[in-house]
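Accompanying notes for the structure given below.
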């Protein structure tokens, strides 16, 4: 399960921050949102320069490249993609020349009507060189150049359907845009006289910026020499922030739409324990994302918290599985059961979600091999029943073990002694302070936008 | 602070395990012991083939290279070095031809009389192409070829002074050697009919092997077609396992000389809390190595455990600091304070050790910036007063903040509200079950071997 | 002086040739036409796949990449660019989706009205992601999709002004297009039932294809399952093949528009010698491009031919000049005077052209240092007086030593004892058999198309 | 057929030349002598630093690496090896610490008693980490450290049997050594107050140095602060320079032992034509090494010289042959017949040597396909009948087509209309001015040293 993207932008003033270097730090703080490619575009008031390549942020950029990205404004993007082979052509930001001059755009989210929009523009003679929605959005903006940039953006927002947190770079300004439902997060920060836009607040911290506020659903924020300007395109039917950001994707030290990600996870664990009368000796979590929920579960249940799984912190994109028969042997490469801690114990194993079920199955088996007497799996979110069409690559419906299987089936499949999920109602309560509504589509199928028709639905 | 090295060896029988691939998994599990270079040598009964290069294990090896390392026996090595520039010539295993045929050797540890031994051999016409002790050891063994390999190894052990856990590969056997004090760890495992040697038990887990036992101080274990044979060279004055393996270096899921690393850390935290009457709202640990101790402290003190620092899990060897003025800004790149968790709170911050003091200072400052009202630092080991001469690159004595400063001085330097260390007596109790004595040189200067003279001291 | 590009295309039938591999060989034979980037796109009747990167052909492609480019049709491109930094975004073929499906296009040449065309399309909302003309051409074709591909190409040819040899790939056909003046070469070959298009005939040889014929100026050749179809857009004012292809760019083993490149160079040397009464002991040529002309000069003049300059055959794109003061010392890195051959002799040094004069100056000096008594420079083409706007990166007018300097000035600048150029009249006679007229713009300013206005001029 | 190695050394004075950069240029001029690996070691009066890696000289070194190789003295090495896989461990110079301090050594040549010497030293406890003779030589020198460096070198020269041109670097001196037969070349040059040693004089030219003289067979030249000192170890039985250096290996612009390589090749061609009554229309040479001989043949015979084969000048180490069926098709990748030049003609094809016969066969076939009516092959050296044991990797005897086949057999195999070789007597006359005798072992089996016994034979 992988997040599609993270975006970052900075408009510097005063000269003590080099914009591209700040983008580098910011993107590195957002690395968990995309590990396939990274890119930065920078503007100096006249031209936009860019660099993007496949790889992690520190692999893509070196000092020489960053020095070449001169200018006081920069945007950046990290991406994970599963569509076809890896191709640098699909790396972002996408930079283009149009009637309004050079523009660079970075996008987090997914449009459900991109194909239709692309087809309509192709009918009128347009060509598309990438398969990313970003190119569609740029074309839509460019087509309304005569109205001026702001109106062109509003026009684009009238026709696209889906999720988008955008940072747009012109030769002398930085613009942040969040879709009318606010499905994907975007926030504003400030360091000195410089302003920062980022998918998550942890990227503000990385560049020493203070959190100012979240960009509102449907808001267009323009940052230029004269300051920060906002235009609000109200969400027609209520905002719908992606609930999965809290469950799994966002970094625990981020605050999204007023909700502390870490605290929401502890609370999910706590609620998961309420009314659960399982008899156990230790609560453990699957590292790293479920540790907070495990902590909450332990606090509420009174069952001691412990560590039962060690993670190899060097696991990354580049680890290869040798072709030879060692694959079976190498199962404990990423996670290893801490035998002495679990041996002879009845374990509550907290995970944040179950997608295909195969990883859970392997962990349960590993714990049993290590001597655990019982393994009770507790999931700090509801069953994932549906695919996501709004920027998270969960899986297709068919691959979801929740799709067409009962809790009992799943429990048997993963080999647990018992299995419980958090209810959607409880999960929603963990983010109660959120400044906007929630998209719960993957759990209950109630998408804000019909993925087939693009029709915008009731909030 | 970096561990010098990790070693791994496997003698396979039955053909379902490819030795070099197993070494790859084993080394990856030991990656935390050395990130500069990695190497594997494999023997097929006739010749030894090898590959080694700078980089992390998954960067150095690919499938094609592993396939080329044919043979049923393999050894491997990961290394971190601070001596001079990086140079692949110093990567291990070192492979050499000598009177006894081809040998490959991988070494974890440090000899204190290597220079003298090298000089003596140079007097007799030897040349040295690397700066690693491994080459010295190989020469010493080769010189006694006429006695046969086992006797040659014993002769070598008579003259070298220092720490060494060795895996030695001949064309048809695998040999494990641990120095008479057992300063560096080495253990034996078994999977099917195959035998494994590794610096830590977590590497046994990685290849599906069961832990059999620790190699004893002064033991030479030979594994060949006829099974496992052991020769014991008794430690003259009692065994002295490095205590710092438990404090910081070893992986929490390893068991060394009978002691569960994770449990010893929890226990250290627990003991640290006994008699500590600090008033606080939350106990947090510095990720990842001090989290277990923080947990133990919280359990004992009754102060709630919480997460206060988020670690960017993509931080690695390759992260560059751009030259521009962003360095100051980028302080929260590796660790970030979780503002909402710590704001307004009195924090007990547990760390495993303080070496130079600069990292602690930065973390304390970060927590205060994030709103912590008080920061009480608790260290789950005693003050580090002395350099290590036996394989751990701590720092020179002059760089150690413990060297010539009082606890009060250090407390002031790091900006904490209070500072306490665990006593050496308590720390030793956390590993009470250990099958051997302990080297506590970095804490109390009581080295097993005089680093100047090579004299072997009382246990 | 560098050629802009080379193009290649193959439509295979019968299955014994893998199209992408053939393109690899073909591009390698055209490597002299562009060393910055290389790319191949392949079609299998359904989709187009592509790969392109910076580097020489054998650096860009490996077996795995070629295997991934499945399909029976392929096109390829090699490119040299001087506009700004190297950027893979400008590598070709450009692949795009449009109303007619996927298209891939590779272009050799230069449009003089690309900016105007781009601006006009930007006015209508188009965006441009590269700075290459190929993207302009693709857009122009896509805009006329409703007419069908062939008519869309004809429409494009009505509006673009400049030189273009194009290979266009659809999902199931291969199309070759040569501009109405035929400024850049393009030829057709056949191997078995497969057809090949290439910038030069040497690329046909590389894949074992027989030369069939040159594509005619203004011709559109479509190759698909039903065979080879041709549509001829007659050149309005007579064809104008680039004369510089023969002087310097093309490979000596190529035949272009009926003229053997090698023979035309020998003939140029021969004509250069007619009426030249210089007294000399040896004729030498500047390797590699002027050796044929030197041979011709020697034959005609009766002065013995000899080798006086040795070329380091490993000189390539990657040779770095260390920063230190060695640059002066390293002057003989690429070419070295053969001292024993030239010492004490009166030398006729034949070069194919003089652009900036700096290279000639260095060679003359090197020969004198090696002991040459006299150095008479003979140039097998006329003075280059004007920049090229049609696809050859000679230099700007200002950089041309021929611009505003007399023969005497230049002779003095390069330090020769005498200097003579071939007349344009004579040069034209060396290619007398050519099937089309010639562009002589760089010599006499008579461009087929006004580079400012795009007006098409008299032949 | 590949030369084993090239060596270079420079002792700078005055500070205007950076020694490592000069070595870089010098090695690049010797690149034809070895393309597998390159290395440079530099000394600054105190320590020796080095860098070596697989690849061509410009691929191995960049500006940063060269800057790191500080010091006023440097040596370098290029290597081609066929023994087993490529391994950087076998790259040179080999740097070692011994009783006399740090030494770096680079070797061109081959010892016939290396195995025996290695075995003898292994008996005494030595280990060997590489398979190169250089390590053997360094050990032999180190063993006699007590005698001082010069005597230690003389002692080494007493026991080694084979060919060696050595450059040896100490912390403050540069030493050149040529074996007593002078089988491999080595010369001395001077630029300002700096002295240069190189395998061929073309490397002197590359750094702007004047040729001073060849190092004499058996000479040891020491260059240090006090100047150039020479000790001569007389060749016991007369000098024996490798004749194949002139035939094929050396660069045409080099002068070796007083003989101009280029002129010797022209002369070989000339002598080949004497008495040859073949009727033909054109003489062509196989590029690049046989062009001079073809020129000589044409001059003598009166048959016109022409170009019939074009070489792709981008062919290099990295060209891959795709796995697919294209191999047959790609035969004209490296060399292409110039069809218009050869069609209908009777051709004399001059090559410098025939080793396995397969390349000649392919070229003859290519010329026939291109329309040549007759192809008469003339070889500017005698039949190669025996393997080389002194540093040139020709082939094993069994692979040599000259081994056990008559001229008629070979003529039939390569498909020529006729075939003639130059006689050994004539070939020796082409280098008549050489300052020393010749090794003709590959032609007549008269090796200076018995390859089996190491016995030194009559001159």
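Residue numbers (my numbering), protein chains in the order written: chain A, 859 to 1317; chain B, 859 to 1317; chain C, 859 to 1317; chain D, 859 to 1317.
We put the CB at the ideal spot given by N, CA and C, even for glycine.
Alpha carbon to alpha carbon, how far is residue 1297 (chain D) from residue 868 (chain D)? Give it in angstroms, no decimals. For this step, residue 868 (chain D) is matched to residue 10 along the fourth chain. For this step, residue 1297 (chain D) is matched to residue 439 along the fourth chain. Between residue 868 (chain D) and residue 1297 (chain D), the C-alpha separation is close to 28 Å.
Along the beta strand (DSSP E) that carries residue 1323 (chain C), what are the first and last residues, could you check? Since the displayed chain C opens at 859 and closes at 1317, residue 1323 (chain C) lies outside it and no answer follows.
Chain A contact residues for residue 980 (chain C), given Cβ-Cβ distances below 9 Å: Within the third chain, residue 980 (chain C) is the residue found at index 122, counting from 1. Those within 9 Å of residue 980 (chain C) in chain A are 955, 956, 957, 958, 1000, 1003.
Are the C-beta atoms of residue 984 (chain B) and some chain D residue less than 8 Å apart? Within the second chain, numbered from 1, the residue matching residue 984 (chain B) stands at position 126. Residue 984 (chain B) counts as touching chain D.
Please list the residues of the stretch 1102 to 1121 of chain D that have a C-beta atom closer than 7 Å to any C-beta atom in chain C, keeping them in chain order. 1109, 1110, 1111, 1113, 1118, 1120, 1121
For residue 1287 (chain B), which of helix, strand or coil comes out of DSSP? Numbered from 1 along the second chain, position 429 holds the residue referred to as residue 1287 (chain B). Reduced to three states, the DSSP call for residue 1287 (chain B) is helix.
So which of D:1201, D:912, D:1270 has the shortest CA-CA distance to residue 1218 (chain D)? Locating residue 1218 (chain D) in the fourth chain gives position 360, counting from the first residue. For residue 1218 (chain D), the nearest C-alpha among the options comes from D:1270.
Might you give, ordered along the chain, the residues of its own chain that have their beta carbon closer than 7 Å to the beta carbon of residue 972 (chain B), omitting 5 neighbours on each side? Along the second chain, read from residue 1 onward, the residue named residue 972 (chain B) stands at position 114. Taken in chain order, the residues that qualify are 991, 994.
Restricting to Cα atoms, I'd like to know which of D:931, D:1299, D:905, D:1135 is closest to residue 956 (chain D). Against the fourth chain, residue 956 (chain D) aligns to sequence position 98. Ranking D:931, D:1299, D:905, D:1135 by Cα distance to residue 956 (chain D) puts D:905 first.
Starting from residue 920 (chain C), follow the alpha helix (DSSP H) in both directions and report where the run begins and ends. For the purposes of this step, residue 920 (chain C) is taken as residue 62 along the third chain, with counting starting at 1. Unbroken run through residue 920 (chain C): none, as it is neither H nor E.
Examine the Cβ distances between the stretch 1201 to 1209 of chain D and the stretch 1065 to 1076 of chain C and report whether three or more of them are shorter than 8 Å. no
At a cut of 8 Å, does the stretch 1017 to 1036 of chain D reach the stretch 1058 to 1067 of chain D through at least three beta carbon pairs? no
Short-range partners of chain D found in the stretch 887 to 908 of chain C, where Cβ spacing is below 9 Å: 887, 889, 890, 893
For residue 1243 (chain C) and residue 1303 (chain C), which I take to be in contact (beta-carbon distance under 8 Å), what is that distance rounded to the nearest angstrom? Translated into the one-based positions of the third chain, residue 1243 (chain C) becomes position 385. Translated into the one-based positions of the third chain, residue 1303 (chain C) becomes position 445. Contact holds; Cβ gap of about 7 Å.
Rounded to whole angstroms, what's the CA-CA distance from residue 871 (chain B) to residue 1047 (chain B)? Just pull it up for me. Working through the second chain from its first residue, we reach residue 871 (chain B) at position 13. Working through the second chain from its first residue, we reach residue 1047 (chain B) at position 189. Looking at the two C-alpha atoms, the distance is approximately 14 Å.
Indicate whether at least one CB of chain D lies closer than 8 Å to the CB of residue 996 (chain B). Position 138 of the second chain, counted from the start, is the residue given in the question as residue 996 (chain B). Residue contact check for residue 996 (chain B) against chain D: a CB pair falls below 8 Å.
Could you please tell me which residues of the stretch 1047 to 1072 of chain A, in chain order, have their CB closer than 9 Å to any CB of chain B? 1049, 1059, 1060, 1063, 1064, 1065, 1066, 1067, 1069
Since residue 908 (chain C) is in the beta strand (DSSP E), which residue starts that stretch and which ends it? Here residue 908 (chain C) refers to the residue found at position 50 of the third chain. Its beta strand (DSSP E) spans residues 906 to 912.
Distance, Cα to Cα, residue 1081 (chain A) vs residue 1087 (chain A)? Here residue 1081 (chain A) refers to the residue found at position 223 when the first chain is read from its first residue. Here residue 1087 (chain A) refers to the residue found at position 229 when the first chain is read from its first residue. For residue 1081 (chain A) and residue 1087 (chain A), the distance between alpha carbons rounds to 6 Å.
How is residue 1124 (chain C) classed by DSSP in three states: helix, strand or coil? Locating residue 1124 (chain C) in the third chain gives position 266, counting from the first residue. Reduced to three states, the DSSP call for residue 1124 (chain C) is helix.
Spatial distance of residue 1318 (chain A) from residue 1007 (chain A) (CA atoms): The requested residue 1318 (chain A) does not occur in the structure, where chain A is confined to residues 859 to 1317.
Under 8 Å, do residue 910 (chain C) and residue 936 (chain C) count as touching if we go by C-beta distance? For the purposes of this step, residue 910 (chain C) is identified with residue 52 of the third chain, where counting begins at 1. For the purposes of this step, residue 936 (chain C) is identified with residue 78 of the third chain, where counting begins at 1. No, the pair does not count as a contact, with Cβ atoms beyond the cut-off.
Starting from the beta carbon of residue 1016 (chain B), find every residue of chain D whose beta carbon is closer than 7 Å, and list them in chain order. Along the second chain, one-based indexing puts residue 1016 (chain B) at 158. The contacting residues do not exist; residue 1016 (chain B) stays about 15 Å from chain D at best.
In terms of residues, what are the limits of the beta strand (DSSP E) holding residue 966 (chain C)? Residue mapping note: residue 966 (chain C) aligns to position 108 of the third chain, counting from 1. Residue 966 (chain C) -> beta strand (DSSP E) spans 959 to 969.
Is residue 1164 (chain B) close to the ligand SAM? I mean its beta-carbon at under 7 Å from any heavy atom of the ligand. Absence of the ligand SAM from the depicted structure is noted, as is the absence of any ligand whatsoever, leaving it without description.
Would residue 1208 (chain B) and residue 1127 (chain B) be called neighbours here (beta carbons separated by less than 8 Å)? For the purposes of this step, residue 1208 (chain B) is taken as residue 350 along the second chain, with counting starting at 1. For the purposes of this step, residue 1127 (chain B) is taken as residue 269 along the second chain, with counting starting at 1. Contact flag set, yes.
Could you confirm whether any beta carbon from chain C is found closer than 8 Å to the beta carbon of residue 1139 (chain D)? On the fourth chain, position 281 is the one that residue 1139 (chain D) refers to. No, residue 1139 (chain D) does not count as interfacial toward chain C.
CA-to-CA distance, residue 1112 (chain D) to residue 1287 (chain C), given in whole angstroms: In the third chain, the residue the question calls residue 1287 (chain C) occupies position 429. In the fourth chain, the residue the question calls residue 1112 (chain D) occupies position 254. Each residue's alpha carbon lies about 39 Å from the other.
Within 8 Å, do at least three Cβ pairs link the stretch 959 to 971 of chain A to the stretch 961 to 977 of chain C? no
Taking only runs of the beta strand (DSSP E) that begin and end inside the stretch 1233 to 1316 of chain B, which ones reach a length of at least 3 residues, in chain order? The qualifying runs are 1276 to 1279.
Extent of the continuous beta strand (DSSP E) run through residue 1116 (chain A): Here residue 1116 (chain A) refers to the residue found at position 258 when the first chain is read from its first residue. Run containing residue 1116 (chain A): none; DSSP gives neither H nor E here.
If you check the beta carbons only, do residue 1239 (chain A) and residue 1285 (chain A) fall under 8 Å apart? Counting from one through the first chain, the residue named residue 1239 (chain A) turns up at place 381. Counting from one through the first chain, the residue named residue 1285 (chain A) turns up at place 427. Cβ distance < 8 Å, so residue 1239 (chain A) and residue 1285 (chain A) count as in contact.
Between B:917, B:877, B:875, which lies nearest to residue 893 (chain B) when the distance is taken from Cα to Cα? Residue 893 (chain B) sits at position 35 when you count from the first residue of the second chain. Checking every option, the nearest Cα to that of residue 893 (chain B) belongs to B:917.
As a quick exercise: from A:1043, A:873, A:1016, pick the residue whose alpha carbon is nearest that of residue 865 (chain A). Here residue 865 (chain A) refers to the residue found at position 7 when the first chain is read from its first residue. Cα-wise, what sits closest to residue 865 (chain A) is A:1043.
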